[in-house]
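Report on the structure given below.
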């Protein structure tokens, strides 16, 4: 299957369809190893069926998001928390 | 084109019109798009482009915006990958007046604005120049004097994207320096670097770690990872190095 490993930045488009805040500059804590990093500097695996954002330190799946014509499926169990700034 | 569904107030797919195309190098093409209601972008951001086949099959790719926020149309640089699903259509088939489905602007991480200052150290491989070109153009348009240095790796002289514009900008701006390396072939009399970017080259070209440069690296994954690792090894603050990788099959 066509799957591409990119920066977390590349997941910003699909995440931006769901979240109202800028996701690539949001900080996420990995639920497995505890590493805190901007989502834009994590790794994104993008395929036709969905996108997985993985921890750049331990490869844990932080965010899984898939889309079909009716809506979205979002699995956030890999992130302990997200911290993001409100709009200026 | 499929119905465009969205959540209110969020990013959504929209339609842009191709207003011009230009072959920048033998393997790349610049697309100039006008997008009704475009709210503007910041240098370094990208858009996702989506193609839909007649049978409904869709494929999407991310392309960095190469134009400055100050410019009217969006410029995307597309490198033709022979086995790609998306790029051959964009480089070979797309015509002025065609419509293209896109989503953006996207990303706040790999972004530079004039108010962020410098010194700025930019490292590009191939079409990875695109988001860095947006920064260089924005820097010029905003009248920024942030000391800036671009290290740009291309296969050969004819593969240098924006060669003329970079020459012109560097010649007319004493605080912008452009250093090329040509990895596969060099024209007669070439005195510049003629190898892949390595630690020694970075030690010579990068501002010293004490100057605390803001560094942006964009290109193929191996280049980005080796440059980022080398810079940290040279004593640069990893927190001031931002990277943007192309996937192994950027297509």
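Chains as they are written, first to last, in our numbering: chain V, 4 to 91; chain H, 3 to 253.
Cβ coordinates follow ideal geometry from the N, Cα and C atoms, glycine included.
> Looking only at its own chain, which residues have a Cβ that is under 7 Å from the Cβ of residue 28(H), when we skip the five neighbours before and after it?
Replying inline: Taking the second chain and counting its residues from 1, one reaches residue 28(H) at position 26. The beta carbon of residue 28(H) sits closer than 7 Å to those of 160, all from its chain and outside the five residues before and after it, given in chain order.
> Taking 8 Å as the CB-CB limit, is residue 15(V) close to chain H?
Replying inline: Start at 1 with the first residue of the first chain, and residue 15(V) comes out as number 12. Chain H, which has a Cβ nearer than 8 Å to the Cβ of residue 15(V), makes this yes.
> Is it the case that the Cβ atoms of residue 110(H) and residue 28(V) are separated by a distance below 8 Å?
Replying inline: Numbered from 1 along the second chain, position 108 holds the residue referred to as residue 110(H). Numbered from 1 along the first chain, position 25 holds the residue referred to as residue 28(V). A contact, by the Cβ cut-off of 8 Å.
>> Ignoring anything shorter than 3 residues, give me the beta strand (DSSP E) runs that lie fully in the stretch 25-79 of chain H, in order along the chain.
In response: With a minimum length of 3 residues, the continuous beta strand (DSSP E) runs that stay inside the stretch 25-79 of chain H are 30-36, 48-54, 60-66.
>> Can you pull the chain H neighbours of residue 44(V), defined as C-beta to C-beta under 7 Å?
In response: Walking along the first chain from the start, residue 44(V) turns up at place 41. At a C-beta separation below 7 Å, residue 44(V) has these neighbours in chain H: 111.
> Between residue 174(H) and residue 143(H), what straight-line distance do the alpha-carbon atoms span, to the nearest angstrom?
Replying inline: Numbered from 1 along the second chain, position 172 holds the residue referred to as residue 174(H). Numbered from 1 along the second chain, position 141 holds the residue referred to as residue 143(H). About 13 Å.
>> Can you look up residue 214(H) in the DSSP assignment and give me helix, strand or coil?
In response: Along the second chain, read from residue 1 onward, the residue named residue 214(H) stands at position 212. In the structure shown, residue 214(H) sits in coil (DSSP, three-state: anything other than H, G, I, E or B).
>> Cβ closer than 8 Å: which chain H residues qualify as neighbours of residue 21(V)?
In response: Counting from one through the first chain, the residue named residue 21(V) turns up at place 18. Under the 8 Å cutoff, chain H gives 9, 12.
>> Please classify residue 101(H) as buried or exposed, where buried requires at least 16 neighbouring CB atoms within 10 angstroms.
In response: Reading the second chain from its first residue, position 99 is the one you call residue 101(H). Per the 10 Å Cβ criterion, exposed.
>> Counting C-beta neighbours from all protein chains within 10 Å, is the total for residue 37(V) 16 or more, i.e. buried, or is it exposed?
In response: By 1-based counting over the first chain, the position of residue 37(V) is 34. The residue in question, residue 37(V), is exposed, as its Cβ has fewer than 16 Cβ neighbours within 10 Å.
> Just by C-beta distance, which residues in the stretch 66-80 of chain H are closer than 9 Å to chain V?
Replying inline: Within the stretch 66-80 of chain H, no residue qualifies.
> Who are the neighbours of residue 160(H) on chain V, taking C-beta pairs under 7 Å?
Replying inline: Sequence index remark: in the second chain, residue 160(H) carries index 158 (1-based). Against residue 160(H), chain V offers no close residue; the least beta-carbon distance is about 28 Å (beta-carbon pairs closer than 7 Å).
> Which ranges would you report for the beta strand (DSSP E) in the stretch 167-221 of chain H if only whole runs of at least 3 residues count?
Replying inline: Positions of the beta strand (DSSP E) runs, each at least 3 residues long and wholly inside the stretch 167-221 of chain H, are given as 178-184 in order along the chain.
> Since residue 25(V) meets chain H, which of its residues come closer than 7 Å, beta carbon to beta carbon?
Replying inline: On the first chain, residue 25(V) is found 22 positions in, with the first residue counted as 1. The answer, in chain order, is 110.
> Within the chosen definition, does the stretch 36-51 of chain H reach the stretch 44-62 of chain V through at least 3 CB pairs nearer than 8 Å?
Replying inline: Here the stretch 36-51 of chain H does not lie against the stretch 44-62 of chain V, with fewer than 3 beta-carbon pairs under 8 Å apart.
>> Let me see if you follow: with CB-CB separation under 8 Å, is residue 245(H) close to chain V or not?
In response: Mapped onto the second chain, residue 245(H) falls at position 243. Yes, its Cβ sits closer than 8 Å to a Cβ of chain V.
>> Just verifying my parser: in three-state terms, what is the DSSP assignment at residue 38(V)?
In response: Here residue 38(V) is taken as the residue at index 35 of the first chain, counted from 1. Under the three-state reduction of DSSP, residue 38(V) is assigned to coil, being neither helix nor strand.
>> Quick check on residue 62(V) - is its C-beta less than 8 Å from some C-beta in chain A?
In response: Within the model displayed, chain A is absent; protein chains V and H are what it includes.
> Taking a cut of 9 Å between CB atoms, which residues from the stretch 52-85 of chain V lie near chain H?
Replying inline: Within the stretch 52-85 of chain V, the residues whose Cβ lies closer than 9 Å to some Cβ of chain H are 72, 73, 74, 75, listed in chain order.
> When the Cα atoms are used, what is the spatial distance from residue 32(V) to residue 76(V)?
Replying inline: Residue numbering aside, residue 32(V) sits at position 29 when the first chain is read from its first letter. Residue numbering aside, residue 76(V) sits at position 73 when the first chain is read from its first letter. Using only the alpha carbons, I get a separation of about 21 Å.
> Around the C-beta of residue 81(H), are 16 or more other C-beta atoms found within 10 angstroms, so that it is buried, or is it exposed?
Replying inline: Numbered from 1 along the second chain, position 79 holds the residue referred to as residue 81(H). Its Cβ being crowded by 16 or more others within 10 Å, residue 81(H) is buried.
> Does the Cβ of residue 98(H) have 16 or more other Cβ atoms within 10 Å, making it buried, or fewer, making it exposed?
Replying inline: Along the second chain, one-based indexing puts residue 98(H) at 96. Its Cβ having fewer than 16 others within 10 Å, residue 98(H) is exposed.
> How is the alpha helix (DSSP H) around residue 224(H) delimited, first residue to last?
Replying inline: Mapped onto the second chain, residue 224(H) falls at position 222. From DSSP, the alpha helix (DSSP H) with residue 224(H) extends over 223-235.
> Under 8 Å between the Cβ atoms of residue 248(H) and residue 176(H)?
Replying inline: As a working mapping, residue 248(H) is identified with position 246 in the second chain. As a working mapping, residue 176(H) is identified with position 174 in the second chain. Not closer than 8 Å, so no.
> residue 72(H): which of 212(H), 227(H), 135(H), 238(H) sits nearest, CA to CA?
Replying inline: Here residue 72(H) refers to the residue found at position 70 when the second chain is read from its first residue. Among 212(H), 227(H), 135(H), 238(H), the Cα nearest to that of residue 72(H) belongs to 135(H).
>> Could you check whether the Cβ of residue 10(V) sits closer than 8 Å to any Cβ belonging to chain H?
In response: The residue given as residue 10(V) occupies position 7 in the first chain. Interface residue, yes.
>> With the cut-off set at 8 Å, would you say residue 34(H) and residue 103(H) are in Cβ contact?
In response: Residue mapping note: residue 34(H) aligns to position 32 of the second chain, counting from 1. Residue mapping note: residue 103(H) aligns to position 101 of the second chain, counting from 1. No, the Cβ-Cβ distance between residue 34(H) and residue 103(H) is not below 8 Å.
> Starting from residue 17(V) and walking both ways along the beta strand (DSSP E), at which residues does that stretch end?
Replying inline: Mapped onto the first chain, residue 17(V) falls at position 14. In the DSSP assignment, residue 17(V) falls outside any beta strand (DSSP E) and lies within the alpha helix (DSSP H) extending over 15-19.
> What does residue 106(H) reach in chain V if we use C-beta pairs closer than 8 Å?
Replying inline: Translated into the one-based positions of the second chain, residue 106(H) becomes position 104. Ordered by position in chain V, the residues that pass the 8 Å Cβ test against residue 106(H) are 16.
> With burial defined as no fewer than 16 other Cβ atoms inside 10 Å of the residue's Cβ, what is the status of residue 12(V): buried or exposed?
Replying inline: Here residue 12(V) refers to the residue found at position 9 of the first chain. Flag for residue 12(V) reads buried.
> Any C-beta of chain V sitting closer than 8 Å to the C-beta of residue 234(H)?
Replying inline: Position 232 of the second chain, counting from 1, holds the residue named residue 234(H). No, because no Cβ of chain V sits closer than 8 Å to the Cβ of residue 234(H).
>> With three or more C-beta pairs closer than 8 Å as the rule, is the stretch 13-31 of chain H touching the stretch 66-74 of chain V?
In response: Using a Cβ-Cβ distance cut-off of 8 Å, the stretch 66-74 of chain V and the stretch 13-31 of chain H are not in contact, since fewer than three pairs of beta carbons, one from each stretch, lie closer than that value.
> Where does residue 183(H) land, buried or exposed, given buried means 16+ other C-beta within 10 angstroms?
Replying inline: On the second chain, residue 183(H) is found 181 positions in, with the first residue counted as 1. Burial of residue 183(H) is indicated by the presence of at least 16 other C-beta atoms within 10 angstroms of its C-beta.
> Got a sec: which bits of the stretch 43-65 of chain H sit with their beta carbon under 7 Å from any beta carbon on chain V, in order along the chain?
Replying inline: Within the stretch 43-65 of chain H, the residues whose Cβ lies closer than 7 Å to some Cβ of chain V are 50, 64, listed in chain order.
> Nearest to residue 23(H) by CA position, among 96(H), 55(H), 229(H), 133(H), is which residue?
Replying inline: For the purposes of this step, residue 23(H) is taken as residue 21 along the second chain, with counting starting at 1. Between residue 23(H) and the set 96(H), 55(H), 229(H), 133(H), the nearest pair of CA atoms involves 96(H).
>> Quick check: does the Cβ of residue 122(H) come within less than 7 Å of any heavy atom belonging to the ligand GTP?
In response: By its list of ligands, the structure shown contains no ligand whatsoever, and the ligand GTP lies outside what it can speak to.
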